[in-house]
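Comments concern the structure below.
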Amino acid sequence: MYHRPVQEEQTPPRRRFQIHSEFGIARQRRSRKARPCDVCRKRKTACVINDRPPCVFCKSRGLTCQSTLGPRRLHNFPSPGVGDYEQDGSGGHSLAATTNTPGEHVLSVEGVPESPLVADQSIGTPSLDSIRTNDTGRGPTDNGVVSPVGTATVRSDSKVYTLEDGIDVTARSMGIAAEQDPHLLAFFRAIIIDEQDRVHSNVVQVSLGDASTGAVPIHFTLLQNDFQSHDNQIRYEASDEIESKVGPYGPNLVKLYFKHIHSVYCVISKTRFLRAYRTDKTSIPASLRGVVYGLASVFWNDDSLLRTVPQPFEQYELFLAARASLERELDAPNLWKMQACLLIIHEATPSYWSHETPRAWTLSAQAVACAQEIGLHRDPSDWKIAPWEKSLRKKLWWATYMTDIWSSITNGNPSHIHSSSYTTSNLDMADLEFDEDVPEDLQDMVHPTNRRFDIATAARFWEHIKLTQLTHRLLETALTDQSVKIPKLDQAQQESRLLRIQRELKAWYNMLPQCLTMHYSTRDCRVAHNGRIHLGYHATQILLLRALMAPATEEAKHNPASSLRRYFEAAVEEATSFSDFVHGITHEDVEAFWGCRESKSEEGPWLTWKHPSSMLTGTPVHLDSRGQLVLAGSFTIYLFFLSSGPQEVQTTYERLENFQGSLLRIASFAGEPAKGLFWPITLRIDCFFKHAAQIMREGTVANYSALGRMVDVSP
């Protein structure tokens, strides 16, 4: 291993390795001994010469294949530093780990980099690709690498550097507990070289840190993407299968995705995706294409062309291929694959299941792991990377955060993210506005209403993050195995903390903008995308009341001084408010996107509302919406059994009757796909009315308790 420490500017030049190259001989991909032609060098694409010039690309285009670049003279560059981040491109070079064949890394050090993020413009495969944007905000799209497109433009003579768009290179976050101390790496760089002088990794610094605040320097490890051949084969097969099943309808499904899903869950970088899809859709990972197609397919009949042809695939087929590809793609995680991780959680589950599948929980853990691997949990605000990437990284982190917190509630598990495990700063509207305005040459790929930044979509995402932060505080304060013990030690202080969260929660709800109200409408139509955020609010309120009323014991039920009795009336008021919310749900609300969790009957016919022996198709149910409905709806059952007198019993029973009536009303107008959202809670309410008297008398339901009975292993 050779260590290359960063030295002071006054120190003598370091020893440098240089591989002399020539032009005109046979050349394989990324060869350093054979120089690329001028055309391929400027395009930064692989220059392949089978025997003698012209290269494959120049021959296919009828271009002159020559190299006018002579051997470069070595310069004595200053040591790398983030302060030298933006250069004019005249002198900066990078340590480029390149390959002749997959897995064969060749060391090429032609100059010490002025900045660890400055790419050598003369090298076909830089360690970090530099992207030059023009005045329209669009950059080159050669070799399937798509330049970042944002709402803010950069001067045409300036450069923007990114961790994301390196060709065949992955940037992985180096945490504080990584193999090397971050403070040491700030002044001592090392690259990993084996016995055959092959480069295995490089380290770049994106932030100097701040000693006054204790912020450590931030580094990333650059690794050449090196998939095993059988993994490559699986990825290629998955991509081919997805595209063959979708056929010519891919663009239609993309348009449906941005119309129905992106308006509610804006995790995809819209213009970057559209640009990549139009230029070369296979440059987008197969996993992301598969889930985009699959989620959009729920709205197949909303497209004027698609409704005239039968759907040639089942949604689960696309998700199956997407999962197979994603499993291999995560060997080299990036922002594209992070977006796939967040969307693939919405894969189909049988609508007749009365409980959520654990698969969604494990997939949320995968999303958190991917986010941490690429450093989304660390605040990029002061990093020396492109502004567009800062915005996208922050947005994807908070999407991951929401996924984890709400999944933990749905599955009743502790979250994977805790308050001390991330530093990412809050989003602002500029972050959400990034990449939402579609350039004119791509506007035909989306519905006219989706061509410009939508303030309501941004506000919905932003406010949902705020709600999730309050919910997370509640979970850590009172709903973990450790925090539930606190009232035993200091009940007054714990109650004060919970009441503070309650005040903040009510203030948040009262301050929601008008565009996020349930019955907000525009000149064109009534917006039906706000149900999720209101459902989440009620679920959080109910969790908070359960925490305030704990413990819900038989003793507390009959003790007037207990917290259960003191907050019982407030709990009934919240149950009434939730019932009113459900009663106000309209046909448009039910049919809107809440996420896509769907299944299909093996026999094909649609389910009737109360028949669980088959499955639903196309159920637009958000990952956590069914769980939140179950949580909130079951709260009224909870109150009924904790009622201490005839008046309370009658009141809570009437609330349950009203709630059941609201569910039946929705069933009368909801399409068959949408009924899967309400079936689990309807099942519970029906069971209550069927068995309530017996449960109150005996504490269980006779003839059913044997199901799942624990095995007696006592001697």
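Per my numbering, the sequence shown starts with residue 606, numbered consecutively.
No residue lacks a Cβ here, since even glycine has one placed at the ideal position from N, Cα and C.
Bear in mind that the values here come from a model prediction, so they are computed numbers and not experimental data.
Taking residue i as the reference, which of the options has the closest Cα?
{"i": "Glu1254", "options": "Ala1297, Val653, Leu1268", "result": "Reading off the sequence, residue 1254 comes out as Val, not Glu. When each option's Cα is compared against that of Val1254, the closest is Ala1297."}
{"i": "Gln920", "options": "Arg894, Thr1158, Arg657, Thr1257", "result": "Arg894"}
{"i": "Arg988", "options": "Ser1167, Tyr882, Glu1179, Ser812", "result": "The residue you asked about is not Arg; residue 988 is Trp in the sequence shown. Of the listed residues, the one whose Cα sits closest to Trp988 is Ser812."}
{"i": "Gly667", "options": "Val644, Ala651, Asp656", "result": "Val644"}
{"i": "Val1322", "options": "Trp1011, Thr1062, Ser1012, Asp845", "result": "The shown model of the chain, from 606 to 1320, leaves out residue 1322, and the question about it has no answer."}
{"i": "Ser909", "options": "Asn857, Ala891, Ala881, Phe918", "result": "Asn857"}
{"i": "Arg1260", "options": "Arg1171, Ser1184, Arg1289, Asp1009", "result": "Ser1184"}
{"i": "Phe1264", "options": "Met1123, Phe1294, Gly1281", "result": "Phe1294"}
{"i": "Gly855", "options": "Arg1137, Ser902, Met1123, Asp1040", "result": "Ser902"}
{"i": "Asp907", "options": "Thr887, Ser868, Leu861, Pro917", "result": "Leu861"}
{"i": "Phe792", "options": "Asp1095, Pro822, Phe1039", "result": "Pro822"}
{"i": "His1021", "options": "Glu1174, Ala974, Lys875", "result": "Ala974"}
{"i": "Leu1140", "options": "Gln1096, Thr650, Arg1065, Gln916", "result": "Arg1065"}
{"i": "Glu842", "options": "Ile866, Ile798, Lys875, Thr887", "result": "Thr887"}
{"i": "Phe604", "options": "Trp1011, Gly780, His835", "result": "Residue 604 is absent from the model: the chain starts at 606 and stops at 1320."}
{"i": "Val859", "options": "Asp831, Val896, Ile839, Leu827", "result": "Val896"}
{"i": "Leu1103", "options": "Glu1068, Asn1135, Thr1145", "result": "Thr1145"}
{"i": "Ile1014", "options": "Thr1073, Ile1271, Ile1060", "result": "Thr1073"}
{"i": "Arg1289", "options": "Leu1121, His960, Asp1194", "result": "His960"}
Among residues of its own chain, excluding the 5 on either side of residue i, which ones have a beta-carbon nearer than 8 Å to its beta-carbon?
{"i": "Gly1209", "result": "For Gly1209, the pLDDT reaches just 32, beneath the cut-off of 50, and the residue's location in the model is therefore unreliable, although a value from the coordinates is still provided. There are no such residues."}
{"i": "Ser1030", "result": "Asp984, Ser986, Lys999"}
{"i": "Thr1257", "result": "Val1177, Ala1180, Thr1241, Leu1244, Phe1245, Ser1248"}
{"i": "Ile889", "result": "Phe878, Ala881, Tyr882, Trp941"}
{"i": "Tyr1114", "result": "Tyr1142"}
{"i": "Glu1081", "result": "His1023, Ser1024, Ser1088"}
{"i": "Tyr1172", "result": "Leu1150, Leu1153, Met1154"}
Run through the DSSP bridge pairs and tell me what residue i is partnered with.
{"i": "Ile889", "result": "Beta-bridge pairing links Ile889 to no other residue."}
{"i": "Ile797", "result": "Ser806"}
{"i": "Val774", "result": "Gln829"}
{"i": "Ile823", "result": "Ser812"}
{"i": "Met779", "result": "His824"}
Using the rule of at least 16 other Cβ atoms within 10 Å of the residue's Cβ for burial, across every protein chain shown, is residue i buried or exposed?
{"i": "Phe904", "result": "buried"}
{"i": "Val804", "result": "buried"}
{"i": "Leu817", "result": "The residue you asked about is not Leu; residue 817 is Ser in the sequence shown. By the neighbour-count rule (16 or more Cβ atoms within 10 Å), Ser817 is not buried but exposed."}
{"i": "Gln977", "result": "buried"}
{"i": "Met1050", "result": "buried"}
{"i": "Lys864", "result": "buried"}
{"i": "Ile847", "result": "buried"}
{"i": "Ile950", "result": "buried"}
{"i": "Pro1156", "result": "exposed"}
{"i": "Phe878", "result": "buried"}
{"i": "His1163", "result": "exposed"}
{"i": "Asp656", "result": "exposed"}
{"i": "Val774", "result": "buried"}
{"i": "Gln833", "result": "exposed"}
{"i": "Ala937", "result": "buried"}
{"i": "Lys1111", "result": "exposed"}
{"i": "His982", "result": "buried"}
{"i": "Glu934", "result": "buried"}
{"i": "Arg912", "result": "exposed"}
{"i": "Gln829", "result": "buried"}
{"i": "Gly1232", "result": "buried"}
{"i": "Arg1137", "result": "buried"}
Apart from the five residues on each side of it in sequence, which residues of its chain come closer than 6 Å, Cβ to Cβ, to residue i?
{"i": "Phe596", "result": "The structure shown does not extend to residue 596, since the chain spans only 606 to 1320, so no value can be given for it."}
{"i": "Leu1149", "result": "Leu1079, Gln1107"}
{"i": "Thr741", "result": "For Thr741, the predicted model reports a pLDDT of 35, less than 50, meaning its position is unreliable; a value from the coordinates is still stated below. Answer for Thr741: no residue qualifies."}
{"i": "Leu1234", "result": "Ile1286"}
{"i": "Gln1238", "result": "Note on residue identity: the sequence assigns Gly, not Gln, to residue 1238. Taken in chain order, the residues that qualify are Ile1286."}
{"i": "Ala1161", "result": "Ser1167, Leu1169"}
{"i": "Leu931", "result": "Ser892, Ala945"}
{"i": "Cys670", "result": "Cys642, Pro658, Pro659, Cys660, Cys663"}
Could you name the residues of the same chain whose beta carbon sits closer than 7 Å to that of residue i, not counting the 5 residues immediately before and after it, in chain order?
{"i": "Ile1091", "result": "Gln1099"}
{"i": "Glu769", "result": "Asn939, Leu940, Glu994"}
{"i": "Gly819", "result": "none"}
{"i": "Thr1191", "result": "none"}
task: Would you mind listing the alpha helix (DSSP H) stretches within the segment 974-1061 that are 4+ residues and don't spill past its ends, in chain order?
output: 992-1016, 1034-1038
query: Taking the runs of the alpha helix (DSSP H) that are 4 residues or longer, which of them lie wholly in the segment 830-902?
result: 834-851, 855-861, 875-885, 891-901
query: In the segment 1065-1109, which residue ranges form an unbroken alpha helix (DSSP H) of at least 4 residues, counting only runs that do not cross its ends?
result: Listed in chain order, there is nothing to give.
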